[in-house]
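Heads up: the structure comes next, in structure tokens.
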Amino acid sequence: MEHWKRTIERANRCFMQGEWVDAREAYLQALALAQVLFERWADADEAVAACVISHHNLADLHLRLNQPEESAEYLCAIHQRLLQTMQDPRLTPQLRDAAARQSSKTYVELLNFISEHGEYPRTHRLLGGAAAQPTTPHYGAH
Numbered sequence: 009m010e011h012w013k014r015t016i017e018r019a020n021r022c023f024m025q026g027e028w029v030d031a032r033e034a035y036l037q038a039l040a041l042a043q044v045l046f047e048r049w050a051d052a053d054e055a056v057a058a059c060v061i062s063h064h065n066l067a068d069l070h071l072r073l074n075q076p077e078e079s080a081e082y083l084c085a086i087h088q089r090l091l092q093t094m095q096d097p098r099l100t101p102q103l104r105d106a107a108a109r110q111s112s113k114t115y116v117e118l119l120n121f122i123s124e125h126g127e128y129p130r131t132h133r134l135l136g137g138a139a140a141q142p143t144t145p146h147y148g149a150h
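Heads up: take any position in the sequence shown, counting from 1, add 8, and you land on the numbering used here.
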């Protein structure tokens, strides 16, 4: 966990200084660490949080670089990973529960992204077009 934290902190410093290439490299390193250690971390909540943070930081970086479709890919990837984790019987109940708790946050992030940047192929496939559906009845208010 400490190595992941140091890597994320280094990436965040690069991001704040506008060093996009270095930030991306460090965020990718942090993501790789989080993915490799996902099922091995002693604390399931920390494991899931590290994976979510790594994906979301990469999504933020790509938005800064005016690459919203890349951002959508990272947001969808982590949401899909959490949905799969929740349903994987070979994983510990703690990890599945942590994934369930975080999935509501990744879902909200996806909806916020879509409302601001529009839908992309992967967001549409993952959410099945649900995000684009109106929340009010078609017949209107009287």
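Where is the CB? At the ideal position from N, CA and C, for every residue including glycine.
Verify whether the separation of the beta carbon atoms of F121 and L83 is less than 8 Å.
Looking up residue 121 in the sequence shown gives position 113. Looking up residue 83 in the sequence shown gives position 75. With contacts defined as CB atoms closer than 8 Å, F121 and L83 qualify as a contacting pair.
Here's the rule: buried if 16 or more other CB atoms are within 10 angstroms of the residue's CB, otherwise exposed. What is V56?
Translated into the one-based positions of the sequence shown, residue 56 becomes position 48. Buried, since its Cβ has 16 or more Cβ neighbours within 10 Å.
What residue does the alpha helix (DSSP H) around N120 start on, and which one ends it?
In the sequence shown, counting from the first residue as 1, residue 120 sits at position 112. Note, N120: alpha helix (DSSP H), 101-125.
Is L41 near H11, with beta carbons less than 8 Å apart?
For the purposes of this step, residue 41 is taken as the residue at position 33 of the sequence shown. For the purposes of this step, residue 11 is taken as the residue at position 3 of the sequence shown. Yes; because the gap between Cβ atoms is below 8 Å, this pair is in contact.
With three or more beta-carbon pairs closer than 8 Å as the criterion, would you say the stretch 105-120 touches the stretch 82-96?
Taking one beta carbon from each stretch, the stretch 105-120 and the stretch 82-96 have 3 or more pairs nearer than 8 Å; the two touch.
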